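Novice: Provided herewith is a single structure, encoded as structure tokens, for subsequent inquiry.
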Ligand code: SDX
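In my numbering, the protein residues as written are 27 to 457.
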């Protein structure tokens, strides 16, 4: 690779910045020596123009609406791969052959139980507890049962920790739901597949005869999880990497990622989209046009949830898959949903509006995902939990890549100080 440099002229002095060449996409101007040589730092709120790492996991072309995981297009993975297959690809850097996938599935299946002592942990929460609070807390709490696997520098410990998190996250999620409805916890069954087990733990009630799991629902859940599996350096992944950069263990890093995902500007948007659509349906005066007008009004804090993206300035390819798939799922479960009609009307109105066109605001993954979760009878407050279950293998693969990267340093950004200096202390009696 040709060793190329950029020239930075600062106060009459030329500084050379090494250029890091990508396989594809943005080049990187290396500023790692900038402060040492100039005394200056760069300013980039939200790091929208700053790469914190080199990665081989996920490539996004925001302008073209392209998303690939280790080179495989998201459309191909959603159409052909199971979630555990994609998790294997992300974590072990290749698609598994049949034998490898079988071993992986069995390994996950054999660790789906959570320690019985965790029951008291769930009981301690109020029934009104948001399942994301339980999920994040239970993830960190789980680490206390695996102290022997917490060394972030040990390969075998990573595998053991990652396996337990993959296996137990659905159980923790389902139990947080059962807790919220005052129903007994349903234990996992090793005879079931990954998504089927989750559906079983979510919806089976001990007093009722076991019902078979609709393959269409299992397939839909599988596609949804695949579409959420990773998304390069998004807010929650950057958080997982950042927490892990202090050599905190995988459980603690993932727990921090869950908390970052919860925000309504990130993974929490899927819950807010449904609440927004429901409000429109419930409000006789609200129309797609009136809501678009509110979203455009700088004096109105309302935003069109599920629209816009830091990277995509084109249709989010995941949203494209979900929009087409929503029709199929609603047909399969035999329902129509007025919220889906409103969503399509909102999308159509927004995509024809100059405000959205100029700002390149398109539907993102959260705009249609909630409609499918709803069709699967997953309660709205569990939507971001579903996002977390899907994103888990991505978070762990990114965390592992961070620990293996020789360039990794503890995350510690700089600042531009604009406050007071050298003030004289005033005793309280004189203030
Ligand atoms: C996810 O990063 C990832 O990869 C995330 C994710 C993943 O898989 O991990 O893809 C998942 O988080 C998807 C995003 C879910 N969030 C939402 O749907 C919330 C609504 N969208 C936004 O709040 C916003 O678009 C963000 C947070 C997603 C992106 O914010 P940016 O990049 O900081 O953009 P911005 O807020 O600076 O907006 C630029 C302009 C502004 O207008 P002006 O100041 O130029 O006049 O666009 C406007 C914004 O007001 N704008 C919107 C809008 N989103 C941006 N206006 C109305 N409705 C919106 N949804």
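Built from N, CA and C at the ideal position, the CB exists for glycine as well. Keep in mind it's a predicted model, so treat the numbers as computed, not measured.
#1: Is residue 409 near the ligand SDX, with its Cβ less than 7 Å from a heavy atom?
#2: Would you decide whether residue 373 is buried or exposed? Buried here means 16 or more other CB atoms lie within 10 Å of its CB.
#3: Where DSSP assigns a beta bridge to residue 34, which residues make up the other side?
#4: Which partner residues does residue 87 have in the DSSP bridge list?
#5: Give a yes or no on whether the C-beta atoms belonging to residue 169 and residue 278 are separated by under 8 Å.
#6: In whole angstroms, what separates the C-alpha of residue 331 from that of residue 390?
#7: Determine the closest residue to residue 258 out of 306, 205, 94, 394, with distance taken between C-alpha atoms.
#8: In three-state terms, what does DSSP make of residue 230?
#9: Can you give the beta carbon distance from residue 113 to residue 192, rounded, assuming they're within the 8 Å contact cut?
#10: Can you name, in chain order, every residue of its own chain whose Cβ lies under 7 Å from the Cβ of residue 288, other than the five neighbours on each side?
#11: With H, G and I counted as helix, E and B as strand and the rest as coil, what does DSSP make of residue 338?
#12: Does the distance between the C-beta of residue 193 and the nearest non-hydrogen atom of the ligand SDX fall short of 7 Å?
#13: Counting beta carbon pairs with one atom in the segment 143-158 and one in the segment 254-273, are three or more of them shorter than 8 Å?
#14: Quick one: is the Cβ of residue 390 within less than 7 Å of any heavy atom of the ligand SDX?
#15: With a cut-off of 8 Å on the beta carbons, I'd call residue 376 and residue 328 a contact; round off their distance for me.
#16: Just list the beta strand (DSSP E) runs in the segment 178-252, keeping only unbroken ones of 3 residues or longer that don't cross its boundaries, in chain order.
#17: Give the range of the alpha helix (DSSP H) segment to which residue 357 is assigned.
#18: Would you kindly report the start and end of the unbroken alpha helix (DSSP H) that includes residue 364?
#19: Over the uninterrupted alpha helix (DSSP H) stretch that includes residue 285, give me the two end residues.
#20: Going by beta-carbon coordinates alone, are residue 223 and residue 210 separated by less than 8 Å?
#21: Compare the Cα-Cα distances from residue 459 to each of 251, 32, 208, 90 and report the closest residue.
#22: Could you tell me whether any non-hydrogen atom of the ligand SDX is closer than 7 Å to the CB of residue 185?
#23: Secondary structure at residue 51, three-state DSSP: helix, strand or coil?
#24: At a cut-off of 7 Å, would you count residue 332 as near the ligand SDX, judging by its Cβ distance to the nearest heavy atom?
#25: Closer than 7 Å: is that where the CB of residue 337 sits relative to any heavy atom of the ligand FMN?
#26: Taking just the CA atoms, how far does residue 105 sit from residue 348?
#27: So, using beta-carbon positions, are residue 343 and residue 100 closer together than 8 Å?
#28: Hey, could you find the ends of the alpha helix (DSSP H) residue 443 is sitting in?
#29: Tell me which same chain residues have a C-beta within less than 8 Å of the C-beta of residue 136, skipping the five on either side of it?
#30: For residue 286, which residues from the same chain have a beta carbon less than 6 Å from its beta carbon, with the 5 sequence-adjacent residues on both sides left out?
#31: Using CA atoms only, rank isn't needed, just tell me which of 40, 59, 68 is closest to residue 442.
#32: With DSSP collapsed to three states, give me the class of residue 99.
Specialist: By the coordinates alone:
#1: The count along the chain shown starts at 1 and reaches residue 409 at position 383. No, the ligand SDX has no heavy atom inside 7 Å of this Cβ.
#2: One-based indexing of the chain shown puts residue 373 at position 347. Classification of residue 373: buried, given that the 10 Å Cβ count is 16 or more.
#3: Against the chain shown, residue 34 aligns to sequence position 8. Answer is 41, bridged to residue 34.
#4: Here residue 87 refers to the residue found at position 61 of the chain shown. Paired residues: 92.
#5: Your numbering for residue 169 matches position 143 in the chain shown. Your numbering for residue 278 matches position 252 in the chain shown. Contact flag set, yes.
#6: Taking the chain shown and counting its residues from 1, one reaches residue 331 at position 305. Taking the chain shown and counting its residues from 1, one reaches residue 390 at position 364. Their Cα atoms are separated by approximately 9 Å.
#7: Position 232 of the chain shown holds residue 258. The candidate whose alpha carbon is nearest that of residue 258 is 94.
#8: Position 204 of the chain shown, counted from the first residue, corresponds to residue 230. Reduced to three states, the DSSP call for residue 230 is coil.
#9: In the chain shown, counting from the first residue as 1, residue 113 sits at position 87. In the chain shown, counting from the first residue as 1, residue 192 sits at position 166. Contact holds; Cβ gap of about 6 Å.
#10: Position 262 of the chain shown, counting from 1, holds the residue named residue 288. 158, 294, 410, listed in sequence order.
#11: Reading the chain shown from its first residue, position 312 is the one you call residue 338. Three-state result, residue 338: coil.
#12: Along the chain shown, read from residue 1 onward, the residue named residue 193 stands at position 167. The answer is no for residue 193.
#13: no
#14: What you label residue 390 is simply residue 364 of the chain shown in a count that begins at 1. Yes, since a heavy atom of the ligand SDX falls inside the 7 Å radius drawn around the Cβ of residue 390.
#15: Mapped onto the chain shown, residue 376 falls at position 350. Mapped onto the chain shown, residue 328 falls at position 302. That belief does not hold up - the Cβ atoms of residue 376 and residue 328 are roughly 13 Å apart, past 8 Å.
#16: none
#17: Translated into the one-based positions of the chain shown, residue 357 becomes position 331. Element bounds for residue 357: 343-358.
#18: The sequence position of residue 364 within the chain shown is 338, counting from 1. Element bounds for residue 364: 364-377.
#19: To locate residue 285, count along the chain shown from 1; it is residue 259. Run containing residue 285: 276-287, per the alpha helix (DSSP H) assignment.
#20: For the purposes of this step, residue 223 is identified with residue 197 of the chain shown, where counting begins at 1. For the purposes of this step, residue 210 is identified with residue 184 of the chain shown, where counting begins at 1. Result no, Cβ atoms of residue 223 and residue 210 do not sit closer than 8 Å.
#21: Shown here, the chain extends from 27 to 457; a query on residue 459 therefore has no answer.
#22: Within the chain shown, numbered from 1, the residue matching residue 185 stands at position 159. Result no, Cβ not under 7 Å from the ligand SDX.
#23: Locating residue 51 in the chain shown gives position 25, where the first residue counts as 1. Residue state, collapsed to three classes: coil.
#24: Taking the chain shown and counting its residues from 1, one reaches residue 332 at position 306. Checking the Cβ of residue 332 against the ligand SDX gives yes.
#25: The ligand FMN is not among the ligands present in this structure, which contains only the ligand SDX.
#26: Numbered from 1 along the chain shown, position 322 holds the residue referred to as residue 348. Numbered from 1 along the chain shown, position 79 holds the residue referred to as residue 105. Each residue's Cα considered, the two are about 11 Å apart.
#27: For the purposes of this step, residue 343 is taken as the residue at position 317 of the chain shown. For the purposes of this step, residue 100 is taken as the residue at position 74 of the chain shown. Result yes, Cβ atoms of residue 343 and residue 100 sit closer than 8 Å.
#28: On the chain shown, residue 443 is found 417 positions in, with the first residue counted as 1. Residue 443 -> no alpha helix (DSSP H), and no H or E assigned at all.
#29: For the purposes of this step, residue 136 is identified with residue 110 of the chain shown, where counting begins at 1. Once the five neighbours on either side are set aside, the close Cβ partners of residue 136 are 193, 216.
#30: Translated into positions along the chain shown, residue 286 becomes position 260. Cβ neighbours of residue 286 beyond the five flanking positions: 261, 262, 265.
#31: Your numbering for residue 442 matches position 416 in the chain shown. Residue 68 is the option with its Cα nearest to residue 442.
#32: Your numbering for residue 99 matches position 73 in the chain shown. Residue state, collapsed to three classes: strand.
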